[in-house]
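Per this note's numbering: the sequence shown ends with 498, consecutive numbering throughout. Using N, Cα and C, we set each Cβ at its ideal position, and we do this for glycine too.
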Amino acid sequence: MNTPSSANLVAPSTGKKILRAVSLLARGIAVVVIGLLAIGLLVNLIDEKLKPETQALLAPPAYHANPAVNGYFIFRAMDADASLDAMKTGSEAVESEQRLFKENPNRSDYDKQITYKKMPKPVWNQARCGEALQNCVEADLRNRAQLEDALAKNAVYLKRYDAMRQLPEFEERLLLSMAAPFPNYSLLAQTSDMTVAKAALDIADGRTQSGLAQLESNDRYLRSLLVKTNTLLGRMVAMGALRRQARTVSDLVEMYPQLLVQQGDALAKLVRPLTLNDQLYAPVMMNEARSIAGAIQSATAGNLISYVGSETGVSMSDRFANWVASLGFKRNATLNLFADTWKVVIDNANQPPSEYGKARERVNERIVQLFAPSRIPYVHYFSNPVGKILLEVASSPDMYVKYMERGADTDGYLRLVGLQVDLRRNKVAMDAIPAYLAKAPEQFRSPYDQKTMAWDAKQKQLQFEGRQKLNTNFKGGNVFIVQLK
Numbered sequence: 014m015n016t017p018s019s020a021n022l023v024a025p026s027t028g029k030k031i032l033r034a035v036s037l038l039a040r041g042i043a044v045v046v047i048g049l050l051a052i053g054l055l056v057n058l059i060d061e062k063l064k065p066e067t068q069a070l071l072a073p074p075a076y077h078a079n080p081a082v083n084g085y086f087i088f089r090a091m092d093a094d095a096s097l098d099a100m101k102t103g104s105e106a107v108e109s110e111q112r113l114f115k116e117n118p119n120r121s122d123y124d125k126q127i128t129y130k131k132m133p134k135p136v137w138n139q140a141r142c143g144e145a146l147q148n149c150v151e152a153d154l155r156n157r158a159q160l161e162d163a164l165a166k167n168a169v170y171l172k173r174y175d176a177m178r179q180l181p182e183f184e185e186r187l188l189l190s191m192a193a194p195f196p197n198y199s200l201l202a203q204t205s206d207m208t209v210a211k212a213a214l215d216i217a218d219g220r221t222q223s224g225l226a227q228l229e230s231n232d233r234y235l236r237s238l239l240v241k242t243n244t245l246l247g248r249m250v251a252m253g254a255l256r257r258q259a260r261t262v263s264d265l266v267e268m269y270p271q272l273l274v275q276q277g278d279a280l281a282k283l284v285r286p287l288t289l290n291d292q293l294y295a296p297v298m299m300n301e302a303r304s305i306a307g308a309i310q311s312a313t314a315g316n317l318i319s320y321v322g323s324e325t326g327v328s329m330s331d332r333f334a335n336w337v338a339s340l341g342f343k344r345n346a347t348l349n350l351f352a353d354t355w356k357v358v359i360d361n362a363n364q365p366p367s368e369y370g371k372a373r374e375r376v377n378e379r380i381v382q383l384f385a386p387s388r389i390p391y392v393h394y395f396s397n398p399v400g401k402i403l404l405e406v407a408s409s410p411d412m413y414v415k416y417m418e419r420g421a422d423t424d425g426y427l428r429l430v431g432l433q434v435d436l437r438r439n440k441v442a443m444d445a446i447p448a449y450l451a452k453a454p455e456q457f458r459s460p461y462d463q464k465t466m467a468w469d470a471k472q473k474q475l476q477f478e479g480r481q482k483l484n485t486n487f488k489g490g491n492v493f494i495v496q497l498k
């Protein structure tokens with residue numbers, strides 16, 4: 014007969030003790046977790062009061078432009094059918110947008126509610142010239158028939174762009190909602206490029222005064238947009254159009270040396286550096302902040318994570334996810350944190366390009382302070398976790414310093430082409446260019462650090478090293494070039 018060993022007699026008892034200990038530990042953890050969740054819910058039930066600077070962000074923007082001469086209304090309906098008055102159609106569309114927004118700030122059906130007969134989209138290839146090594150004007154002349162056909166097909170768009178340039182005002186009337194319709198700024202870029210191409214053809218045909226007048230008018234308008242537009246995208250499009258026109262000036266200088274003799278002052282003026290006033294970003298940064306703050310203010314348990322413009326087509330899982338998220342979301346606390354985040358961006362947005370590096374350091378340092386105030390990881394998420402996570406994901410203030418650098422890169426490219434014009438006017442020989450660059454005045458140096466522009470003797474290229482990759486820098490990367498013949 015087998016007798017149980019002492020090990021077999023102890024094992025069941027030991028196992029029960031382990032199970033009991035695990036059970037007690039699990040219950041304890043559950044109690045702690047439930048307790049923390051309960052405390053967290055109670056903490057998140059009590060919201061903050063809005064700070065004065067937050068209230069300023071939420072205040073509706075003040076409009077100053079006279080509606081009768083505000084070119085934005087033409088731009089808003091630039092794609093309206095040729096039989097329609099673009100100014101009137103655009104004004105009516107803006108009025109309808111504002112009325113619908115007042116009815117429901119969270120709606121997203123503007124395109125369905127606001128309709129008018131439209132023209133086909135413009136047929137225009139802005140990337141037709143390839144790399145900067147290629148002379149764009151020469152390429153257009155080789156494909157002249159195709160280019161003139163495209164200009165004829167886009168005659169109404171060109172006419173409306175010309176009408177916009179004749180008006181003294183351009184002030185966007187945008188809603189403080191992420192779901193509101195946004196202007197089609199690509200039309201602005203395309204019609205500016207059409208105008209520049211048409212001007213270059215006139216100059217090639219000997220109609221120099223006509224071509225230069227178009228370029229000068231376009232230059233004045235684009236530079237005025239840098240100050241008048243209240244959107245960051247509007248400013249970036251105007252910057253891109255300025256770079257495009259500067260490239261055309263560069264191409265013309267290499268093609269027609271006699272043009273410099275006759276119109277050297279006019280060409281130099283077209284590529285003059287940007288002024289500090291052209292590079293003040295605080296107004297557009299404030300508008301960007303207003304738009305995002307408006308979206309945060311409109312957040313509800315129904316649209317917190319997945320935007321819902323109406324009650325139709327909303328799944329139960331969406332509703333549940335949004336409801337759960339709303340339990341950890343404090344609207345005012347999120348808005349206050351957002352205002353604190355953007356204050357450092359706005360405060361540094363009017364610095365000259367030479368200060369952009371320090372501005373980035375100040376912005377990043379402040380962001381770290383705001384989003385990681387505790388030495389203990391993740392403790393700061395205990396209060397308003399959803400709001401903080403959403404801000405960290407959706408808000409990247411350092412990105413806006415990069416936009417400022419895009420503007421400075423544009424200034425650098427204008428200076429580079431200005432240097433080209435100066436070299437050609439003074440008939441500087443290729444082997445004398447390095448010495449000439451060393452003595453070049455401030456207007457022909459880098460806007461960041463006043464370093465001289467580079468000269469690649471083998472490639473016959475003037476070069477400027479910017480900081481951002483731009484879609485109209487056909488060299489690619491952050492190096493801008495001017496190709497000499």
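Assignment of residue 355 by DSSP, reduced to helix, strand and coil, places it in the helix class. Within the segment 259–316, the complete alpha helix (DSSP H) segments at least 4 residues long are 270–283 and 295–310, listed from N- to C-terminus. In the DSSP assignment, residue 475 falls within the unbroken beta strand (DSSP E) covering 474–478.
Residue environment for residue 59: exposed (fewer than 16 other C-beta atoms within 10 angstroms of its C-beta). The beta carbon of residue 156 sits closer than 8 Å to those of 141, all from its chain and outside the five residues before and after it, given in chain order. With respect to residue 256, residue 423 sits close: the two C-beta atoms are nearer than 9 Å. Leaving aside the five residues that flank residue 197 on each side, the residues in its chain whose CB is nearer than 8 Å to its CB run, in chain order, 91 and 92. By the CB criterion at 9 Å, residue 396 and residue 425 fall outside the cutoff. CA-to-CA, the gap between residue 275 and residue 285 works out to about 18 Å. Under the 10 Å beta carbon count, residue 186 is surrounded by 16 or more other beta carbons and is classified as buried. Beta-carbon to beta-carbon, residue 261 and residue 434 are separated by about 13 Å, too far to satisfy the 8 Å threshold. Annotated as distal: residue 119 and residue 230, with beta-carbon spacing of 9 Å or more.
The segment 355–370 makes contact with the segment 293–300: 3 or more CB pairs, one atom from each, lie closer than 8 Å.
Within the same chain, Cβ atoms closer than 6 Å to the Cβ of residue 279 are found at 225, the five residues on either side in sequence being excluded. The way I'd put it, the segment 400–420 does touch the segment 340–348; three or more beta-carbon pairs between them come closer than 8 Å. Taking the CA atoms as reference points, residue 100 sits about 29 Å from residue 213.
By the criterion of a C-beta distance shorter than 7 Å, residue 211 is surrounded in its chain by 164 and 227, once the five residues flanking it on both sides are discounted. Taking the CA atoms as reference points, residue 201 sits about 8 Å from residue 174. Nearest C-alpha to residue 290 among 417, 108 and 351: 417. Rounded to the nearest angstrom, the Cβ distance from residue 457 to residue 431 is 6 Å, consistent with a contact under 8 Å.
Inclusion of residue 437 and residue 273 in the CB contact set at 9 Å is warranted, their separation being smaller than that value. Around the beta carbon of residue 88, 16 or more other beta carbons sit within 10 angstroms, so the residue counts as buried. Shown here, residue 204 sits in a helix according to DSSP, grouped into three states. Of all C-beta pairs linking the segment 75–89 to the segment 368–376, fewer than three are shorter than 8 Å, placing the two stretches out of contact.
In this model, residue 134 and residue 453 are separated by some 45 Å (Cα to Cα). A check of alpha carbon separations from residue 70 across 376, 439, 348 and 412 identifies 348 as the nearest. When DSSP states are grouped into helix, strand and coil, residue 256 belongs to the helix group. Straight-line spacing of the CA atoms in residue 159 and residue 167 works out to 13 Å. Per DSSP, residue 495 is one residue of the beta strand (DSSP E) stretching across 492–496. Residue 251 and residue 494 have their C-alpha atoms spaced approximately 20 Å apart. One thing to note: residue 302 has its Cβ within 9 Å of the Cβ of residue 358. Buried is the label assigned to residue 183, since at least 16 other Cβ atoms lie within 10 Å of its Cβ. Take residue 281, set aside five residues on each side of it, and the residues of its chain with a beta-carbon closer than 8 Å to its own are 431, 434, 435 and 438, in chain order. Here residue 447 has 468 as same chain residues with Cβ atoms under 7 Å from its own Cβ, once five neighbours each way along the sequence are excluded. Taking residue 114 as the centre and dropping the five residues before and after it, the same chain places the C-beta of 188 closer than 6 Å to its C-beta, in chain order.
Minimum Cα-Cα distance from residue 445 among the listed residues 178, 405, 470 and 463 corresponds to 470.
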